[in-house]
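What follows is a single structure, written as structure tokens, with notes after it.
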Amino acid sequence: MSKLKALTHRKLFLPIVSMILVMLINVIYDTATGSAPFSFFYITVKNGVLYGRLIDVLNRGSEIAILAIGMTIVVSASAGTDISVGSVMALYSAVCCVTLAGFGVTNTSTYARPLIVGILLGILVCVLCGAINGFFVAYLNIQPMVATLILWSAGRAIGLLLCNSQYVYIRVPSFRVIGGYIGFLPTPILVVAICITVMTLFLKFTALGTYVQSVGINKKAARIAGFNSARIIFLAYVICGLCAGLAGMVATSRIYSADTNNIGLNMELDAILSVALGGNSLAGGKFSLAGSLIGAYTIQAITTTMYALGVDPAQAPVFKAVVVLIIVVIQAQPVKDFFAARAARKAVKEAA
Amino acid sequence: MKKLLAIAVIGAAAMGMAMTANAADLIKVGYAQVGHESDWRTANTKNYQDTFTEDNGYSLELVDCDNDHAKQIEAVRNFIQEGLDYIIIAPIQSAGWDTVLQEAQDAGIPVIIADREIDADESLYTAWVGTAPHDEGVTAGKWLGEQLGDKEANILQIEGSVGASAAIGRTEGFQEEADKHDNWKILDSQSGDFTQDGGQQVMESFIKSYEGKFNVVVCQNDNEAYGAMDAMDAAGITYGVDGDVTLISYDATHDGLQYTLDGKFNLDVECNPIQAQTVSDVIQKIQNKEDYEKKTLIKDEAFNAPGIKSEFATEITKDILDKRAY
Chain A
4 MSKLKALTHR KLFLPIVSMI LVMLINVIYD TATGSAPFSF FYITVKNGVL YGRLIDVLNR
64 GSEIAILAIG MTIVVSASAG TDISVGSVMA LYSAVCCVTL AGFGVTNTST YARPLIVGIL
124 LGILVCVLCG AINGFFVAYL NIQPMVATLI LWSAGRAIGL LLCNSQYVYI RVPSFRVIGG
184 YIGFLPTPIL VVAICITVMT LFLKFTALGT YVQSVGINKK AARIAGFNSA RIIFLAYVIC
244 GLCAGLAGMV ATSRIYSADT NNIGLNMELD AILSVALGGN SLAGGKFSLA GSLIGAYTIQ
304 AITTTMYALG VDPAQAPVFK AVVVLIIVVI QAQPVKDFFA ARAARKAVKE AA
Chain B
201 MKKLLAIAVI GAAAMGMAMT ANAADLIKVG YAQVGHESDW RTANTKNYQD TFTEDNGYSL
261 ELVDCDNDHA KQIEAVRNFI QEGLDYIIIA PIQSAGWDTV LQEAQDAGIP VIIADREIDA
321 DESLYTAWVG TAPHDEGVTA GKWLGEQLGD KEANILQIEG SVGASAAIGR TEGFQEEADK
381 HDNWKILDSQ SGDFTQDGGQ QVMESFIKSY EGKFNVVVCQ NDNEAYGAMD AMDAAGITYG
441 VDGDVTLISY DATHDGLQYT LDGKFNLDVE CNPIQAQTVS DVIQKIQNKE DYEKKTLIKD
501 EAFNAPGIKS EFATEITKDI LDKRAY
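Taken in order, these protein sequences are the chains called A and B.
For the first sequence, our numbering begins at 4 and goes up steadily by one.
For the second sequence, our numbering begins at 201 and goes up steadily by one.
Now the structure itself:
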């Protein structure tokens with residue numbers, strides 16, 4: 004009993020429960036339709052690559068997961084959100100593809116420049132976007148949403164200008180590797196794994212995590228305690244820009260083209276939602292990277308579930324909204340308090 | 201920014217009018233274009249710019265409305281204020297046009313609705329010129345029926361954006377034909393949002409749900425079809441002329457037809473962006489006070505892979521592909 008209690012009081016307990024709940028919908032549906040109850044969880048190797056719905060969740064959730072890493076740091080440090088990430092992803096896609104194809108070319112089967120130049124230039128531009136956001140928020144004290152609103156609208160627009168408002172296709176096999184497969188493993192999963200490892204080590208060995216949380220809890224106190232608050236917030240946005248670039252890299256490689264109109268569209272909202280679903284406060288301060296990642300994969304699990312259930316496209320947004328609503332309500336403080344109070348009453352009754 | 205742009209556009213237009221004052225015999229036409237979201241749209245814009253030239257007796261004012269309904273209404277209002285001779289609208293949204301159409305009518309300016317459907321009383325606009333997504337769906341269905349004969353069809357459909365008139369029309373038209381065959385079954389139909397990523401994701405899921413149970417995939421635009429191909433490649437499913445799955449797409453963009461020529465798509469149903477000449481014909485008739493059609497449908501063709509004979513589609517050749525305008 005006490006073990007269970009300890010478990011339910013873990014910070015990540017509810018986010019994990021939420022994710023399991025979403026996956027349970029599939030089990031119920033499969034049982035009801037007479038399919039194998041746990042077919043959602045089957046992982047096999049097909050055509051030489053990993054295959055299964057769980058793999059789809061991990062693979063397709065990569066972009067949101069990468070964005071969630073950056074968003075968590077930004078939310079924690081500045082008690083605000085970076086709403087430009089989706090747009091910055093599109094900008095990556097435009098910069099990278101136009102660099103590789105050459106300006107004005109819409110379809111190419113040979114690189115105009117080495118692949119690595121395109122990727123690095125794209126990432127560099129995204130880091131620069133992060134720096135612009137960071138400068139506005141940290142040094143000019145502009146509210147994060149307003150500051151990042153600028154690139155939210157400009158990022159995609161600049162991308163469209165670069166691409167001449169056209170799709171730019173890079174039909175070279177090596178370009179598709181990052182969004183495709185390495186051996187039997189979908190590469191995006193590997194990219195996320197690397198991002199998480201690097202970020203975790205970075206937070207651990209540089210005390211950046213402590214700095215960020217201190218600044219997020221109380222910016223002034225942190226400054227008086229000797230932290231350079233502004234610089235830490237600035238750095239948080241730079242990291243977020245870098246993450247947006249990496250997410251854009253995966254998304255672009257998946258479709259081997261710059262679809263500037265659609266890449267990363269509305270993805271900033273998914274990223275913010277992941278942070279919230281992971282049990283993190285959007286008011287800044289303490290954060291859990293693992294929570295945000297669970298949140299990100301929960302969102303993707305909802306999407307994958309909708310496809311698996313064959314929800315009517317017109318009703319899909321409603322379905323998603325209802326599931327998110329339930330998850331958010333489960334994690335709301337008054338609801339938690341209610342169940343805690345009930346458990347306490349029950350304990351008193353049993354004791355009496 | 202947008203306001204500044206608008207002011208700049210109006211300013212430029214005013215100057216333009218002042219300069220061409222002596223060329224008063226030009227027919228002044230305003231075109232409120234949807235945006236520039238796809239290759240198709242770019243081809244459509246270029247077609248208007250090439251048709252409504254001064255040599256042909258027009259001065260064209262083209263406003264790109266960036267897929268923003270409010271911006272489009274504003275553009276039309278500006279046209280009215282400038283007192284243009286004709287207004288062409290490719291409605292971004294089908295509803296919400298009554299007021300501004302009434303304003304145009306009060307100002308005595310004929311309005312021609314182009315390309316897309318509009319949700320307004322017929323008396324509020326002068327003429328309509330466009331394609332019929334419903335017919336495109338029917339063509340796809342008829343072609344499939346002809347090719348399959350008595351064989352059964354287990355169909356997976358990747359729809360376009362929810363609510364888009366092209367998606368609704370293509371779904372309904374295809375459904376109509378599917379209903380005529382007892383052994384056709386649409387297993388599932390999901391939205392891929394007209395994007396490659398959407399098509400890829402939906403197809404990945406379809407493969408898991410209906411592995412080995414489907415033999416037809418219908419994608420409502422070329423981009424979705426590219427995504428579906430990627431997903432089927434990854435799962436080792438063959439498609440196209442030599443494959444197990446018949447792949448049907450709509451749009452017939454250059455890349456889409458290239459895939460048809462390569463035998464990867466079995467059929468690509470066209471949605472024709474070359475519409476300006478037809479609009480110009482209507483305007484000329486109104487100008488000469490001749491009778492004109494209230495609604496003109498632009499013919500959509502369909503192209504199938506080389507080696508397939510059909511009465512509903514043309515066999516694609518390198519020659520046809522090279523000669524196409526987009």
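Glycine included, C-beta positions come from ideal geometry on N, C-alpha and C.
Note down, in chain order, each residue of its chain lying with its Cβ closer than 8 Å to the Cβ of residue i, except the 5 sequence neighbours on either side.
{"i": "Ala218 of chain B", "result": "Here the model assigns Ala218 of chain B a pLDDT of 48, short of 50, so the residue's position is not dependable and the matter cannot be decided."}
{"i": "Ala343 of chain A", "result": "none"}
{"i": "Ile161 of chain A", "result": "Leu94, Ala97"}
{"i": "Ala71 of chain A", "result": "Ala274, Ser277, Val278, Gly281, Ser295, Leu296, Gly298, Ala299"}
{"i": "Glu511 of chain B", "result": "Glu346"}
{"i": "Ile407 of chain B", "result": "Ala431, Met432, Ala435, Ile437"}
{"i": "Thr371 of chain B", "result": "Gly337, Gln357, Glu359, Ser389, Gln420"}
{"i": "Phe414 of chain B", "result": "Asn354, Ile355, Leu356, Leu387, Phe406, Val445"}
{"i": "Pro18 of chain A", "result": "Leu280, Gly281, Gly282, Gly294, Ile297, Gly298, Thr301, Gln334"}
How far does the alpha helix (DSSP H) with residue i in it reach, from first residue to last?
{"i": "Ile344 of chain B", "result": "It is worth fixing the name first, because residue 344 of chain B is Leu in this sequence and not Ile. From DSSP, the alpha helix (DSSP H) with Leu344 of chain B extends over 333 to 348."}
{"i": "Cys166 of chain A", "result": "Element bounds for Cys166 of chain A: n/a, residue is neither H nor E."}
{"i": "Gly190 of chain A", "result": "Per the sequence shown, residue 190 of chain A should be read as Thr rather than Gly. Counting along the chain, the alpha helix (DSSP H) containing Thr190 of chain A begins and ends at 190 to 209."}
{"i": "Lys540 of chain B", "result": "Because chain B in this structure spans residues 201 to 526, residue 540 of chain B falls outside the shown range and cannot be described."}
{"i": "Gln233 of chain B", "result": "Unbroken run through Gln233 of chain B is the beta strand (DSSP E), 227 to 233; no alpha helix (DSSP H)."}
{"i": "Leu262 of chain B", "result": "Element bounds for Leu262 of chain B: not the alpha helix (DSSP H) but the beta strand (DSSP E), 258 to 264."}
{"i": "Ala275 of chain B", "result": "269 to 282"}
{"i": "Thr323 of chain A", "result": "In the sequence as presented, Thr is not what sits at residue 323 of chain A; that position holds Lys. From DSSP, the alpha helix (DSSP H) with Lys323 of chain A extends over 319 to 334."}
{"i": "Tyr310 of chain A", "result": "292 to 312"}
{"i": "Thr395 of chain B", "result": "Run containing Thr395 of chain B: none; DSSP gives neither H nor E here."}
{"i": "Asp442 of chain B", "result": "That residue, Asp442 of chain B, is in no alpha helix (DSSP H); it is neither H nor E in DSSP."}
Starting from residue i, follow its DSSP beta bridges and name the residues at the other end.
{"i": "Trp384 of chain B", "result": "B:Ala353"}
{"i": "Glu515 of chain B", "result": "B:Asn504"}
{"i": "Asn110 of chain A", "result": "A:Tyr172"}
{"i": "Ile119 of chain A", "result": "DSSP, once it has assigned bridges, lists no residue as partnering Ile119 of chain A."}
{"i": "Tyr184 of chain A", "result": "A:Pro189"}
{"i": "Lys495 of chain B", "result": "B:Trp328"}
{"i": "Cys419 of chain B", "result": "B:Ile358, B:Ser449"}
{"i": "Lys49 of chain A", "result": "A:Val52"}
Return the chain-ordered list of same chain residues with a C-beta closer than 7 Å to the C-beta of residue i, the five sequence neighbours on each side being excluded.
{"i": "Ala304 of chain A", "result": "Met22, Val25, Met26, Val60"}
{"i": "Ala221 of chain B", "result": "Confidence in Ala221 of chain B is poor, its pLDDT being 44 and thus under 50, which makes the residue's placement too unreliable to answer from."}
{"i": "Val215 of chain A", "result": "Ile76, Ser79, Ala80, Ile235, Ala239"}
{"i": "Gln458 of chain B", "result": "Leu521"}
{"i": "Gln305 of chain B", "result": "Leu324"}
{"i": "Tyr258 of chain B", "result": "Leu226, Ile227, Val229, Phe252"}
{"i": "Ala243 of chain B", "result": "Pro473, Ala525, Tyr526"}
For the beta strand (DSSP E) that contains residue i, what are its first and last residues?
{"i": "Asn62 of chain A", "result": "From DSSP, Asn62 of chain A is part of no beta strand (DSSP E) but of the alpha helix (DSSP H) over 56 to 63."}
{"i": "Ile287 of chain B", "result": "286 to 289"}
{"i": "Thr446 of chain B", "result": "446 to 451"}
{"i": "Leu467 of chain B", "result": "467 to 470"}
{"i": "Gly244 of chain A", "result": "Here Gly244 of chain A belongs to no beta strand (DSSP E); instead the alpha helix (DSSP H) covers 232 to 257."}
{"i": "Val329 of chain B", "result": "327 to 330"}
{"i": "Ala314 of chain B", "result": "311 to 315"}
{"i": "Thr36 of chain A", "result": "Thr36 of chain A -> no beta strand (DSSP E), and no H or E assigned at all."}
Just to confirm my understanding: we take residue i, look at its own chain, exclude 5 residues before and 5 after, and list those with CB closer than 6 Å. What are they?
{"i": "Pro506 of chain B", "result": "Glu515"}
{"i": "Ile483 of chain B", "result": "Tyr286"}
{"i": "Thr68 of chain A", "result": "Reading off the sequence, residue 68 of chain A comes out as Ala, not Thr. Excluding sequence neighbours, Ala68 of chain A sits near Val195, Leu296, Ala299."}
{"i": "Lys464 of chain B", "result": "Gly440"}
Which residues of chain C have a Cβ atom closer than 7 Å to the Cβ of residue i, listed in chain order?
{"i": "Thr395 of chain B", "result": "Absent from the structure is chain C; the protein chains it does hold are A and B."}
Item to complete: Say whether the stretch 473 to 483 of chain B touches the stretch 304 to 324 of chain B, bearing in mind that this needs 3 or more beta-carbon pairs closer than 8 Å, one atom from each stretch.
Response: yes
Worksheet item: Listed in chain order, which residues of the stretch 294 to 307 of chain A have Cβ atoms closer than 9 Å to some Cβ of chain B?
Response: Thr306, Thr307
Worksheet item: How about the stretch 218 to 228 of chain A and the stretch 96 to 112 of chain A: do they share at least three Cβ pairs that are nearer than 8 Å?
Response: no
Worksheet entry | chain B contacts from the stretch 52 to 64 of chain A (Cβ-Cβ distance under 8 Å) | Val52, Tyr54, Gly55, Arg56, Asp59, Arg63
Worksheet item: Pairing CB atoms from the stretch 145 to 155 of chain A with CB atoms from the stretch 125 to 137 of chain A, are three or more of them under 8 Å?
Response: yes
Discussion item. Output needed in chain order: residues of the stretch 254 to 266 of chain A with a Cβ under 9 Å from some Cβ in chain B.
Written reply: Ala254, Arg257, Ile258, Tyr259, Ser260, Asp262, Asn264, Asn265, Ile266
Worksheet item: What residues in the stretch 160 to 189 of chain A have a beta carbon less than 7 Å from any beta carbon of chain B?
Response: Ser168, Gln169, Tyr170
Fill in: Segment contact flag, the stretch 258 to 269 of chain A with the stretch 162 to 181 of chain A, C-beta cutoff 8 Å, min 3 pairs
yes
Discussion item. Whether or not the stretch 228 to 241 of chain B and the stretch 442 to 454 of chain B are in contact is what I'm after, with contact meaning three or more pairs of Cβ atoms, one per stretch, closer than 8 Å; do they touch?
Written reply: Yes, the stretch 442 to 454 of chain B touches the stretch 228 to 241 of chain B.
Discussion item. Contact between the stretch 358 to 371 of chain B and the stretch 394 to 402 of chain B is defined here as three or more beta-carbon pairs at a separation below 8 Å; is this criterion met?
Written reply: yes
Discussion item. At a CB distance below 9 Å, what residues from the stretch 425 to 442 of chain B approach chain A? Give them in sequence order.
Written reply: Tyr426, Gly427, Asp430, Asp433, Ala434, Ala435, Gly436, Ile437
Discussion item. Taking 8 Å as the cut-off, does the stretch 84 to 93 of chain A touch the stretch 150 to 160 of chain A (at least 3 CB pairs, one atom from each stretch)?
Written reply: Output reads yes: the stretch 84 to 93 of chain A touches the stretch 150 to 160 of chain A.
Worksheet item: Mind listing which residues of the stretch 39 to 51 of chain A have their C-beta closer than 7 Å to chain B's C-betas, in chain order?
Response: Within the stretch 39 to 51 of chain A, the residues whose Cβ lies closer than 7 Å to some Cβ of chain B are Lys49, Asn50, listed in chain order.
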